[in-house]
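Asks:
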Ligand code: NAD
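Numbering (our numbering), first residue to last: 3 to 286.
1) Quick check on the burial criterion: 16 or more other C-beta atoms within 10 angstroms. Buried or exposed for residue 271?
2) Is any heavy atom of the ligand NAD found at a distance shorter than 6 Å from the C-beta of residue 197?
3) Can you find the residues in the same chain that come closer than 7 Å, C-beta to C-beta, to residue 177, ignoring five residues on each side of it along the sequence?
4) Does the distance from the C-beta atom of residue 120 to that of residue 104 stay below 7 Å?
5) Grouping DSSP H, G and I as helix and E and B as strand, with all else coil, what is residue 188?
6) Do residue 120 and the ligand NAD come close, with the Cβ less than 6 Å from some heavy atom?
7) Examine the Cβ distances between the stretch 31–49 and the stretch 159–171 and report whether three or more of them are shorter than 8 Å.
8) With a threshold of 6 Å (Cβ to nearest heavy atom), would residue 233 be considered close to the ligand NAD?
9) Tell whether a beta-carbon distance below 7 Å holds between residue 142 and residue 118.
10) For the alpha helix (DSSP H) containing residue 161, list its first residue and its last residue.
11) Give the list of continuous alpha helix (DSSP H) stretches no shorter than 4 residues that lie fully inside the stretch 108–140.
12) At a cut-off of 6 Å, is residue 95 close to the ligand NAD when judged by its beta-carbon and the heavy atoms of the ligand?
13) Could you give the distance in angstroms between the alpha-carbon of residue 135 and the alpha-carbon of residue 275?
14) Is any heavy atom in the ligand NAD found nearer than 6 Å to the beta carbon of residue 184?
15) Tell me, to the nearest whole angstrom, how far the beta carbon of residue 169 is from that of residue 5; I am working on the premise that it is less than 8 Å.
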């Protein structure tokens, strides 16, 4: 099965990156969000990111313009997802929201359409159970920033078929990414390992062990990490980090995943990191 038309649901941090790489690989893309403002900003962001690629001579202006021309926007699922081969859902990490979107997608797309979620931690098996096609539901976990990062963590739910997995592996390679297959457990591999480290860094900050810059510098220079855990949390979004930790805590039932109260406080204040202009650091 070839994938030619892709709908991306959610035009935020991840959705606009996924639309970008899919369009750059020659796919027709429908970017869907409830908010017209988000859609306008997403197109501006994709344009800027493509300009950066032109400046670095990775692509020329013709390819830039052709990539943008392949992206259409829509603000409802019914029209946006009509007739597509694949949907990649990238709405906030809230289980009930994802379940309701998959219920709708199952109704409004053709029976052969593959439904993928970019979830960071929510069970693909549970999302798939909301549909009549659990064999065609899969996790396609892109990394942030999507145009730059090579990995796609491909998560098989309990019922995901070999055929669906193969289609998504082939597509990931077409997008210039490296797919890695993992099984469906909370947080998969990436966030099962990453989030406890970020959470511990926030506890260290809360307990006054060190300032944010010091915590990040220790991890960069001492452990050879390209970004410190607090900078990375700001990039991911503190609301997203909190949501993922809530899933790990609830689903694995172990207090070692308990979200740090300081992380809750920042998220409650709307200090979400880069996307809101303030998190552990300030951004202009
Ligand atoms: P975000 O908040 O930046 O964007 C989510 C978008 O979804 C918003 O623009 C919102 O308007 C839209 N939305 C909400 N409800 C909708 C609906 N019913 N229909 C259509 N659009 C709707 O979030 P994000 O950081 O892009 O995260 C999206 C998903 O990707 C989450 O599941 C997250 O866990 C996962 N993820 C995030 C990162 C990261 O670094 N941010 C990395 C990998 C995976």
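Don't be surprised by glycine CBs; every beta carbon is placed ideally from N, CA and C.
Small disclaimer: the values here were computed from a predicted structure and weren't measured.
Replies: So, from the data block:
1) exposed
2) no
3) 23, 24, 27
4) no
5) coil
6) yes
7) no
8) no
9) yes
10) From DSSP, residue 161 is part of no alpha helix (DSSP H); its letter is neither H nor E.
11) 126–131
12) yes
13) 37 Å
14) no
15) 7 Å
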